[in-house]
Structures are given as C-alpha cells and as structure tokens.
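The listed protein sequences correspond, in order, to chains A and B. Position one of the first sequence corresponds to residue 1 (full-length UniProt numbering), numbered consecutively onward. Position one of the second sequence corresponds to residue 1 (full-length UniProt numbering), numbered consecutively onward. As structure tokens, the structure follows; a few thoughts come after it.
There are 2 protein chains.
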Amino acid sequence: MTIRHETAPMPAAPLRLAEVAARAGVSESTVSRVLRNIGPIAEATRVAVLKAAEELGYVPNRLAGALASTGSALVGVVVPSLDNIVFAEVLRGVTERLEEAGLQAVIGVTGYDLAREERIVSALLAWRPRGIVMAGIDHTPRLRDLLAANGTAVVEMMDIDGAEPALDRRVGLSHGAAGAAMAAHLVARGHRRFGYVGHDISRDIRARKRLDGFAAELARRGAVLVAEEMVAGPSSVAAGRAGLAALLAAHRDLDAVYFSNDDMAVGGYFHCEANGIRMPGDLAIAGFNGLDIGQELPRRLTTVRSPRYRIGQLAAEQILTRQEAAEDMAKPATIDVGFELIAGETA
Amino acid sequence: MTIRHETAPMPAAPLRLAEVAARAGVSESTVSRVLRNIGPIAEATRVAVLKAAEELGYVPNRLAGALASTGSALVGVVVPSLDNIVFAEVLRGVTERLEEAGLQAVIGVTGYDLAREERIVSALLAWRPRGIVMAGIDHTPRLRDLLAANGTAVVEMMDIDGAEPALDRRVGLSHGAAGAAMAAHLVARGHRRFGYVGHDISRDIRARKRLDGFAAELARRGAVLVAEEMVAGPSSVAAGRAGLAALLAAHRDLDAVYFSNDDMAVGGYFHCEANGIRMPGDLAIAGFNGLDIGQELPRRLTTVRSPRYRIGQLAAEQILTRQEAAEDMAKPATIDVGFELIAGETA
DNA sequence: CTGTTAGCGCATTCAC
DNA sequence: GTGAATGCGCTAACAG
Numbered sequence: 001m002t003i004r005h006e007t008a009p010m011p012a013a014p015l016r017l018a019e020v021a022a023r024a025g026v027s028e029s030t031v032s033r034v035l036r037n038i039g040p041i042a043e044a045t046r047v048a049v050l051k052a053a054e055e056l057g058y059v060p061n062r063l064a065g066a067l068a069s070t071g072s073a074l075v076g077v078v079v080p081s082l083d084n085i086v087f088a089e090v091l092r093g094v095t096e097r098l099e100e101a102g103l104q105a106v107i108g109v110t111g112y113d114l115a116r117e118e119r120i121v122s123a124l125l126a127w128r129p130r131g132i133v134m135a136g137i138d139h140t141p142r143l144r145d146l147l148a149a150n151g152t153a154v155v156e157m158m159d160i161d162g163a164e165p166a167l168d169r170r171v172g173l174s175h176g177a178a179g180a181a182m183a184a185h186l187v188a189r190g191h192r193r194f195g196y197v198g199h200d201i202s203r204d205i206r207a208r209k210r211l212d213g214f215a216a217e218l219a220r221r222g223a224v225l226v227a228e229e230m231v232a233g234p235s236s237v238a239a240g241r242a243g244l245a246a247l248l249a250a251h252r253d254l255d256a257v258y259f260s261n262d263d264m265a266v267g268g269y270f271h272c273e274a275n276g277i278r279m280p281g282d283l284a285i286a287g288f289n290g291l292d293i294g295q296e297l298p299r300r301l302t303t304v305r306s307p308r309y310r311i312g313q314l315a316a317e318q319i320l321t322r323q324e325a326a327e328d329m330a331k332p333a334t335i336d337v338g339f340e341l342i343a344g345e346t347a
Numbered sequence: 001m002t003i004r005h006e007t008a009p010m011p012a013a014p015l016r017l018a019e020v021a022a023r024a025g026v027s028e029s030t031v032s033r034v035l036r037n038i039g040p041i042a043e044a045t046r047v048a049v050l051k052a053a054e055e056l057g058y059v060p061n062r063l064a065g066a067l068a069s070t071g072s073a074l075v076g077v078v079v080p081s082l083d084n085i086v087f088a089e090v091l092r093g094v095t096e097r098l099e100e101a102g103l104q105a106v107i108g109v110t111g112y113d114l115a116r117e118e119r120i121v122s123a124l125l126a127w128r129p130r131g132i133v134m135a136g137i138d139h140t141p142r143l144r145d146l147l148a149a150n151g152t153a154v155v156e157m158m159d160i161d162g163a164e165p166a167l168d169r170r171v172g173l174s175h176g177a178a179g180a181a182m183a184a185h186l187v188a189r190g191h192r193r194f195g196y197v198g199h200d201i202s203r204d205i206r207a208r209k210r211l212d213g214f215a216a217e218l219a220r221r222g223a224v225l226v227a228e229e230m231v232a233g234p235s236s237v238a239a240g241r242a243g244l245a246a247l248l249a250a251h252r253d254l255d256a257v258y259f260s261n262d263d264m265a266v267g268g269y270f271h272c273e274a275n276g277i278r279m280p281g282d283l284a285i286a287g288f289n290g291l292d293i294g295q296e297l298p299r300r301l302t303t304v305r306s307p308r309y310r311i312g313q314l315a316a317e318q319i320l321t322r323q324e325a326a327e328d329m330a331k332p333a334t335i336d337v338g339f340e341l342i343a344g345e346t347a
C-alpha cells in the first residue's frame, strides 16, 4: 500500500460531456455543438462552455462520437515496409494531409505479404475508418471482396499499371513505364550489354514490373539483358554491393547494370568505387527512386525519381474529397503522378 | 443515373452482430462470446457462428466494442519526423510488437514542434488508447498535466537523461553519455582539435544533448572544441557536406569533426572524398546512429549505434505489460538500452 | 438559440 | 451453455 500525497494527480476516469455541461450550466447537446462549431450559439454560452472544457482539461471521446455519428476520423494506412525510406515518405505525405483535415492515420505494415495485408486491412476496417489507403494494387481476391462489400473509400498508391480492376482510386505511377524509360535512356547513351541486380522480387511486385518494362524495352531496341542477379532478402546497400560483385564475377563483359532501386544501386556504386571500376566508363549504373543519398554521391546516380511525398498527399486528398453523393457515378479514377528520369553521372 | 448490374457489389452498410446472430440462429451475446473466445461454448454453436460470420464477411465494430468495454485496442505513437529512417525503424518496432498483441498504432508526427506535439497527443487521447508512446522526454507543461490527469499509460522513447521527472516509463539511451563516449574515443585515438557540424539543434533536443556531452568530455580530457558549424534546417547528407565545407573554410587546423548524426557525417565523408581529404589521416569524422549506409561506405564510418528497432519493441512491450493492479506502486521505470560505439575507419 | 429524446453496436451484468 | 436487459459517451433528430 502506498500513501498518496494530496497533490498527487489522481488517475481519474476521463471526463464526460456531462461534467463539462454541469460546470458550464448548459445541456450536453450545447456543449457538443460548441465543441464542434455546429449551429448557432450565443457568444456568452460559447465562451462559458469553452472555459469549462479548458479548465477541466476535457478530451472528447471520439469512440462514442464516431459510433453515434457513424463516421470516424480515422484513416487506415497500409504500407509494405518501414525499413525503406520510400514508404516513410509516403506515410509522411498521408499523415500531414490528414492532420490538416483533423483526421488521424492508423497504420499497418504488411512486410510485402498479401495474406498479412488481408488480415491487417480487415482489422483496420473494424474501426470503421473514413477510408483505407494502401500501397500497391495487387491484393488477395478475398480482400477485394471484403473492400467492395464494405463500401469503404479505398485508395491504392504507388502503382497504376495492373490487370486487376481498380478498387476505387489509384494514385501512383507506371513502374513498367519507369523501367522502360530507363532502358531507353541507357541504350541512347550507347550501352548494349545489360545486367540486372535485384532483391527478392517475388514479393516486391513493383520492382518486378520495372524489370519487365526494362527488359521489354531493351529487346525492342535491340539490346540484350545478359544476366540477372537476385539477392535473397530485402533491398539494401549491402545487398546491392554483393549482388554486383556476384554478377560481375560471372559476366565480365557488361556495359551497364540496372538495379531494383537506389539502395541497391548505391551498393553497386560503392563496389565500383572500391574496386577501381570507373562509372560510367567501365560500367554504367542506374537505380530507381531518386533518393537524396544517390544525388549526394561524388558522382550523381542515374535514376528515376518517384514523387513519394506527393503520392501520399494526393492519396489522403482522395479520401477527403470523395463525394458520397457522387459515389455511385464515379468510375474508379486513376491519378498518374508520373516520374522524372534523372540523368546522373553514373550512366 | 447509372444502371447497376445485379451482381455489382452493393456498398451496403457494414454488418452488425445481430445479422450474424440471425443467420446462425443464436443470440447476439453468443456471437459476441464466440468471436472473442470467452466463456464456455458448445462446439456445435461455435462452428455455426464462425461459419455465419465467415460467410457474411462480418467485421466487428471496434468502436462500439471499445466503448462498451471501456478499453480500445489502439495505441498512440508520436514521433518527431518520418524523413529520418531512425524514427521509421522505431515505428516498425512498435507496430510489429503491437500487431502480435492484436493492437494497432495511431500515429502522429510533430515535426520537432512541442506545441504541435501537445495538440497531437490531445487528439490521440480522444480515442481512449491503451497507451501513448512518444519520442523524447521534453514536453510542454500542459501536456504533462494532461497526461498525468488522464491516467493513460505513457512511454517516452529514445532519451532517458532529462531534468524533468518521467511521466510513466522510459525506454532509450543517454545521449549525453553517447556524446561523451565518442569524445573519449576520439581523444584516445590522438585527436585534439575538434570541430562540430550540426543541423537545427534548437529543435532536435537529443542532438543537443549529444553535443553537450561531447563538449564536456573533451574539456575534461584537455581537448578543444574549436568551432561549431550549424546548418539551418533538418539534417541531411547535403547539409553535412555543406556544413563541413563551411567549417573547414574557416578553420584549417582541425583534427576531427563530430557530426550531429550519420546523415550529416556521410555528407562530410563525401566532401572529404571529393576534395582529396584523407580520413582519418587528414581529418577524422564521426557520427551518431549507426545507419547501414555509414557501414557500407568504402571506409566504415565511426559512429555510435542506437538500438532503434529494439527501443520500439520495448516501448510497445511496456504498454502491453503495464499491470493495472500494480499501477499505484510502480515507480516510473527507466529502461536503458545502451549504445554501441562503432570504431570505424574514418576516425 | 437551447434542451429532450433516442439510439449508434457492442460487452456486460444478470437470469434461465 | 445461452438469452435478455442495461448502458458505454456521444450525436442527431426533434421540439420549443
């Protein structure tokens, strides 16, 4: 047993609307209206209510509020990973835009696992969110059904080229086109014999789409993708370094190497630097994402910049502006944010 | 007006417990119990209920559940930034541990702004979360009062050395000690004349604590902190590069430079590389965080590794294990996860 | 402009 | 083992 000093803060149950109402001498509804800026309120009572709420340190119970009004201020946000700065930036875009509108993000991380994504989204739906924002357009059939049946606003981010029909809205870019654009650029720079270094591409579907677009464009332009080196596990600088080493050990005659993303490409860069391989003279190197680190290297990395922060903001925006009235008429809409090829100094 | 095909999914209102009950031919209470694995249930009815819920694609309404049971499965998570991979990793640790326990994270990003932190936490509290996990131990007095009065479980992460009393639990490391450890290491390596390159340190309180610990230890060991170069804005590779350039322009006689973190230090590294400054012969360089990128540079960066993922996990753990029963007796507890000095090749 | 009356969907007493 | 009430804290019609 402890002896509690009189001034010690009592971990009391949170206050209710009723207690604010009592202190202000008005009804609960009035307090509710004042706090939500709804309807006409006499200035005197508004002041009194605000004062009472402030003095008591009242924090409204949004659980109750959402239940009563059938509409929570929560938005589910699902990303495949947080190791990757890319998704952290998307998340920042989403949360910032949501905050402006007074909404909050509940997050889920799938680890690139579609079954887990299904479970996570299902759990998110339990909060009756205003909407769900998820990375990627590839989902389990069961998740598609769940989302469709639920009538929840859904925004798919990052990727816009897929065979499956859109759930609701899409904000992103064509990874196939990004891969093709890089292939075109590299071929134009005179490179002909290509290699590829990637990470576990069976899970990272967008990386696969880039590779497919890249390979197809190479073929179209008469260049060759000589070899692909896939490193197990997630992408990282270390994996890129090791991957390039392995690739070059087996194939000494490559002009250029395309990496699954900038992390991997930076690893390749370091391998070249450490082994006296000059870029792009001895070997050209290219990545994807347009990360800051790549542009701060002594030789700027050739890559494609994806507008991640903007994608996050636009995705949140879609949730905010979804007109319930127009819901039935609205065809699933796609916003293509495009990408920018950065012709750096490594290719 | 659109003509809706018969098979088109009707964006119906989400199902209620009652509909599952009707289909299974039992009462709502029974469904509720089956779904939550509570109390004795006949195997036959359990199967029937599960089948009905599955077939209907029922997703429980946690808003209602939390309201009725006064306890939500939400945990507020507040970080200063998401640009920095460091906090993304912390967030990953938190969400992974929470997911194991069936809880979900609602996030808030403060932008290193304490007033905004206060608003965000206040908004988070509105969901009556199981607990709040926040980065840092420096908060507005008003936020401290709010949290104390509320009786919410609070875990402060990252930092453990502060004048203010802990709110509830702390999981982190002493940034002052980390700065001092680096000072000791560098002096032991023979360096005497030091410079510092930092970012906007008025907002990044932990960076300031590291600098203070660093400077104090230098003084104690008879070395000198010749100059500090503060770059406006957040930390970045570019800022570190520019900062070192500026510092060296004004002070040509430095032995070693301590950076506010690894991002900045990597920038310094690139500056040296681009300008033929050899590390550590001409200039020693050290950072803080132990990011992967620093350890993949051709010369491994000398730095201090902070166990960010682990901090996140432990912080979530604290929320989970907080015994309501022992709540009154429990003194605010601090978990020091420590840090590891990485003696790289740049110092 | 303000108060009163009903639920929101579920978890929880209790009975049976 | 199961079902029938009661209320969580708030918003949303209604009156007045």
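Cβ coordinates follow ideal geometry from the N, Cα and C atoms, glycine included. Just so we're clear, the structure is a prediction, and the values are computed from it rather than from any experiment.
message: Whole angstroms are fine: how far does the CA of A/LEU98 sit from the CA of A/GLY39?
response: 25 Å
field: the segment 65-81 of chain B in contact with the segment 103-114 of chain B per 3-pair CB rule at 8 Å
entry: yes
Touching by the beta-carbon criterion (3+ pairs, under 8 Å), the segment 206-213 of chain B and the segment 152-163 of chain B: yes
- prompt: What residues are listed by DSSP as bridge partners for B/TYR196?
  reply: B/GLU228 and B/TYR258
Same chain only: Cβ atoms within 7 Å of B/GLY233, ignoring 5 sequence neighbours per side: HIS199, ASP200 and ALA239
Test: B/VAL154 CB closer than 9 Å to a CB of chain A: no
- request: Establish whether the CB of A/ASN289 and some CB of chain B are separated by less than 9 Å.
  value: no
query: For B/GLY267, which option in A/ILE293, A/ARG278 and A/ALA315 has the closest C-alpha, if you only look at C-alpha atoms?
result: A/ILE293
query: Between B/PRO80 and the rest of its own chain, which residues show a CB-CB distance below 6 Å, the 5 nearest in sequence each way excluded?
result: THR110, TYR112 and ALA135
message: Classify residue 349 of chain A: buried if its beta carbon has 16 or more other beta carbons within 10 angstroms, exposed otherwise.
response: This structure gives no information on residue 349 of chain A, because the portion of chain A shown stretches from 1 to 347.
task: Would you list, in sequence order, the uninterrupted alpha helix (DSSP H) runs of no fewer than 4 residues that lie entirely inside the segment 17-54 of chain B?
output: 17-24 and 28-36
field: Test item: CB-CB of A/ARG299 and A/THR346 under 9 Å
entry: yes
query: Contact between the segment 129-144 of chain A and the segment 304-323 of chain A: three or more CB pairs below 8 Å?
result: yes
query: Thinking C-alpha only, which one of A/LEU283, A/VAL231, A/ARG33 and A/GLN313 is nearest A/ARG193?
result: A/LEU283
task: Check the DSSP bridge columns for B/ASP336 and list the partner residues they point to.
output: B/GLY172
- prompt: When the Cα atoms are used, what is the spatial distance from A/ARG36 to A/THR152?
  reply: 24 Å
- request: With DSSP as the reference, label A/THR95 as helix, strand or coil.
  value: helix
field: Cβ neighbour criterion (16 or more within 10 Å) applied to B/ALA281
entry: The amino acid at residue 281 of chain B is misidentified as Ala; the sequence shows Gly. Result: exposed.
query: From A/ALA42 to A/VAL26, what distance separates their C-alpha atoms?
result: 12 Å
message: With H, G and I counted as helix, E and B as strand and the rest as coil, what does DSSP make of B/ASN275?
response: coil
- prompt: Using 9 Å as the limit for Cβ to Cβ distance, is A/THR95 near chain B?
  reply: yes
query: Of the residues B/PHE339, B/ILE335 and B/ILE342, which one's Cα is nearest the Cα of B/ARG169?
result: B/ILE335
message: Counting only Cβ-Cβ distances shorter than 9 Å, please list the residues of the segment 285-313 of chain A near chain B, keeping chain order.
response: ASP292, ILE293, GLN295, GLU296, LEU297 and PRO298
- prompt: When DSSP builds the beta bridges, which residues end up paired with B/ILE342?
  reply: B/THR303
query: In the segment 117-166 of chain A, which residue ranges form an unbroken alpha helix (DSSP H) of at least 4 residues, counting only runs that do not cross its ends?
result: 141-150
query: How would you call A/ASN61, buried or exposed, if buried means at least 16 neighbouring beta carbons within 10 angstroms?
result: buried
- prompt: At a Cβ threshold of 9 Å, is A/ALA325 touching chain B?
  reply: For A/ALA325, the pLDDT reaches just 42, beneath the cut-off of 50, and the residue's location in the model is therefore unreliable, although a value from the coordinates is still provided. It does not; no Cβ of chain B falls within 9 Å.
task: Measure the C-alpha to C-alpha separation of B/ALA333 and A/LEU341 and round it to an integer number of angstroms.
output: 51 Å
- request: Select from B/LEU167, B/GLU228, B/VAL59 and B/VAL197 the residue whose C-alpha is nearest the C-alpha of A/LEU146.
  value: B/VAL59
- prompt: At a CB-CB cut-off below 8 Å, which residues of chain A make contact with B/LEU82?
  reply: ALA88, GLU89, LEU91, ARG92 and THR95
- prompt: When the cut-off is 9 Å and only beta carbons count, does A/ASP145 lie next to chain B?
  reply: yes
- prompt: Contact check, A/ALA286 vs A/ALA245 under 8 Å by CB: the rounded distance?
  reply: Wrong, their Cβ atoms sit about 18 Å apart, outside the cutoff.
field: Partners in chain B for A/PRO141, counting only beta-carbon separations shorter than 7 Å
entry: The contacting residues do not exist; A/PRO141 stays about 12 Å from chain B at best.
Interface partners of B/VAL59 on chain A, CB under 8 Å: SER122, LEU125, ALA126, LEU146 and ASN150
field: Extent of the continuous beta strand (DSSP E) run through A/LEU15
entry: Run containing A/LEU15: none; DSSP gives neither H nor E here.
message: Looking at chain A, is there any beta carbon in it that lies within less than 9 Å of the beta carbon of B/LEU74?
response: yes
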